[in-house]
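Undergrad: Okay, so the sequence shown: first residue is 2 according to the working numbering, each after it adds one.
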Amino acid sequence: TGTELTAAGSANAEITKIDTAIAQVGNVRSSLGAASNSLNHVYNNLQNMSTNVTQARGRIMDTDYATETSTMTTKQMLMQAGSAMLKQSNSMSGMVMSLLQ
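1. State the Cα-Cα distance for the pair residue 33 and residue 40, rounded to the nearest angstrom.
2. Tell me the rounded alpha-carbon separation between residue 85 and residue 70.
3. By DSSP, does residue 64 sit in helix, in strand, or in coil?
4. So what's residue 102 in DSSP terms, helix, strand or just coil?
5. When the Cα atoms are used, what is the spatial distance from residue 13 to residue 31?
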């Protein structure tokens with residue numbers, strides 16, 4: 002700002018001001034860098050979430066509900082048949098034990 006640096010004291014004072022300004026610039030730059038990194042991290046996470054949601058939606062939309070319902074019904078029937086067979090087997094064991102007594 003047009004400061005004369007003829008005296009050693011004024012030169013040292015100006016150097017101190019410059020050093021302070023440089024330190025402040027460094028602090029601001031580090032704060033901006035940290036904020037930028039944080040925003041990049043958030044952006045990347047949101048991109049991943051968007052991709053995952055899109056893929057999940059595609060899988061849901063591509064599901065053949067008729068086939069899946071048929072498969073589920075078949076498996077439920079097999080489970081019920083297996084349960085009935087176990088129940089009958091247990092009752093037969095009880096009958097054999099009562100005959101042996």
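Just so it is clear, CB atoms sit at the ideal spot from N, CA and C, and this is done for glycine as well. Predicted model only: the values in this text are computed from it and were never measured.
TA: Considering the structure as presented:
1. Against the sequence shown, residue 33 aligns to sequence position 32. Against the sequence shown, residue 40 aligns to sequence position 39. For residue 33 and residue 40, the distance between alpha carbons rounds to 10 Å.
2. Taking the first residue of the sequence shown as position 1, residue 85 is located at position 84. Taking the first residue of the sequence shown as position 1, residue 70 is located at position 69. The alpha-carbon atoms of residue 85 and residue 70 are separated by roughly 23 Å.
3. The sequence position of residue 64 within the sequence shown is 63, counting from 1. It is coil, neither helix nor strand.
4. Indexing the sequence shown from 1 puts residue 102 at position 101. It is coil, neither helix nor strand.
5. For the purposes of this step, residue 13 is identified with residue 12 of the sequence shown, where counting begins at 1. For the purposes of this step, residue 31 is identified with residue 30 of the sequence shown, where counting begins at 1. Residue 13 and residue 31: Cα-Cα distance of roughly 27 Å.
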